[in-house]
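Just so you know, numbering that gives the first Met the number 0 puts 191 at position 192 of the sequence shown, and the rest follows in order with no gaps. Written below as structure tokens is the structure these notes are about.
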Amino acid sequence: MKPQKYLLFLLIVLSMVLLGACGGDASAPVEEASAGSVAVVMTGPWDDNSWNEAAYNALQALEAEGVKTAFSENISDTDVARVMREYVDQGFEVVVAHSFIYQDATFQVASEAADTNFAWAGGINNTSANVADYDQPFYEAAYPIGVLAGHMSESGVLGALYGFDIPVCHAMGEAFLAGAQSVNPDATLILTSVGDWADIAKAKEAALAQADAGVDFWIECGEGPALGAIEAAKEVGGYATGYVGDMTENGPDVVLANLVWNLEPLFAQMLADAQGDSFADTFYRYGIAEGAMQVGYNEALKDSIPAEAIEAVETAMQDIASGALEVPFIPE
Numbered sequence: 000m001k002p003q004k005y006l007l008f009l010l011i012v013l014s015m016v017l018l019g020a021c022g023g024d025a026s027a028p029v030e031e032a033s034a035g036s037v038a039v040v041m042t043g044p045w046d047d048n049s050w051n052e053a054a055y056n057a058l059q060a061l062e063a064e065g066v067k068t069a070f071s072e073n074i075s076d077t078d079v080a081r082v083m084r085e086y087v088d089q090g091f092e093v094v095v096a097h098s099f100i101y102q103d104a105t106f107q108v109a110s111e112a113a114d115t116n117f118a119w120a121g122g123i124n125n126t127s128a129n130v131a132d133y134d135q136p137f138y139e140a141a142y143p144i145g146v147l148a149g150h151m152s153e154s155g156v157l158g159a160l161y162g163f164d165i166p167v168c169h170a171m172g173e174a175f176l177a178g179a180q181s182v183n184p185d186a187t188l189i190l191t192s193v194g195d196w197a198d199i200a201k202a203k204e205a206a207l208a209q210a211d212a213g214v215d216f217w218i219e220c221g222e223g224p225a226l227g228a229i230e231a232a233k234e235v236g237g238y239a240t241g242y243v244g245d246m247t248e249n250g251p252d253v254v255l256a257n258l259v260w261n262l263e264p265l266f267a268q269m270l271a272d273a274q275g276d277s278f279a280d281t282f283y284r285y286g287i288a289e290g291a292m293q294v295g296y297n298e299a300l301k302d303s304i305p306a307e308a309i310e311a312v313e314t315a316m317q318d319i320a321s322g323a324l325e326v327p328f329i330p331e
């Protein structure tokens, strides 16, 4: 055999051996596509049984699906821009500023990072090309809790305690009253804006003042107001509502029901829209029909609730989900 042909023969044989050793292209390892990435900035601790833990739970669910996640807790409005810029530098696809007070910083950082998608918890449909807003239709779940209050309140005087009287909060109190009046037409509501989302002592003082006026069942908007109302209820009796999380452990003897916020479907849709180039100027609204707003009972106290009250709450939830009952949104 001529040297040139012999060399060609050896090259062919060697190639076949190497191909066999690798198993060929069909069995070569294939790198999985990235499931995406989401980071969340929080105003308080991740394990607050409330607002921040709702976001944390959603991140945990996404992480279980292969999504890269991160979060920062206890971030003030004066520091949030720095934290968001760090997530931009780390290449996160979606950065969620999980508070109404983060509005200015969100739009500022978004203007600097056009390739990153941001979302903030405004609930007022304020968006831009790379900033989404997400509603908190707590008022939908507040209505069935009002139905429960209509059955359980002895005085018929209800309390609504807000961090601030913003549209999301105000609508919540109005729906709560409407639900109660579907049971007790004479039910009334006393509302108080505390002026702070986190000050528990100040919120407790406001709740005690409401109790002096006859309030024996509270709904709240904000973690501080919720914890303050719970502490007041422990002192004077009556019932409080868990705010967007299971706060039963904060008041086992007074938290009768919890308004629970499931953020997983919302965050998952944000990521899908970011990856599908349909994120721009989106106002997300996920309520009872989407499984985002739920009502959960304190099982230790559930036996104290009349069967007809539980049935009425369930009927209201079903009617809202189906569209048979439209809860009015009253923002001011």
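Glycine residues also receive a C-beta, built at the ideal position from the N, C-alpha and C atoms. These numbers come from a predicted model, not from an experiment.
query: Along the chain, where does the beta strand (DSSP E) that runs through Q293 open and close?
result: M292 to Y296
- request: Specify the secondary structure class of G23 as computed by DSSP and reduced to three states.
  value: Any reading at G23 needs caution, since the residue's pLDDT is 34, under 50, leaving its predicted position unreliable; the model's value is listed next. Residue state, collapsed to three classes: coil.
field: Where G295 falls, given that 16 or more other Cβ within 10 Å makes a residue buried
entry: exposed
- prompt: What's the C-alpha gap between Y86 and L61?
  reply: 17 angstroms
message: Please list the terminal residues of the continuous beta strand (DSSP E) segment that includes T191.
response: T187 to S192
query: Which residue's Cα is closest to the Cα of Q107: N48, L176 and A80?
result: A80
message: Going residue by residue through the stretch 195-223, where are the continuous alpha helix (DSSP H) segments of at least 4 residues, counting only ones entirely within it?
response: 199-211
message: Rounded to whole angstroms, what is the Cα-Cα separation between I309 and P330?
response: 28 angstroms
query: With respect to the alpha helix (DSSP H) encompassing S110, which residues constitute its N-terminal and C-terminal limits?
result: Q102 to E111
query: Helix or strand or just coil, what does DSSP make of W50?
result: helix
field: Coarse secondary structure for L226, derived from DSSP in three states
entry: helix
Boundaries of the beta strand (DSSP E) in which S71 is found, first to last residue: K67 to S71
field: Own chain partners of A228 with C-beta closer than 6 angstroms, once the 5 adjacent residues on each side are dropped
entry: L160, A206, W217, E219 and A239
- prompt: According to DSSP, which residues form a beta bridge with W45?
  reply: For W45, which the question treats as bridged, DSSP gives no partner whatsoever.
- request: Go through its chain and collect everything with a Cβ distance to H169's Cβ below 6 angstroms, but skip five positions before and after it.
  value: P330 and E331
field: DSSP three-state assignment for V182, whether helix, strand or coil
entry: coil
- prompt: Do you know offhand how far S321's Cα is from Q135's?
  reply: 19 angstroms
message: Quick check on the DSSP output: what are the complete beta strand (DSSP E) runs of length 3 or more inside the stretch 115-178, in order along the chain?
response: 116-119, 130-133 and 156-161
- prompt: Using the C-alpha atoms, what's the distance from M41 back to V82?
  reply: 10 angstroms
task: Count the CB pairs spanning the stretch 143-158 and the stretch 113-127 that are closer than 8 angstroms, and state whether there are at least three.
output: no
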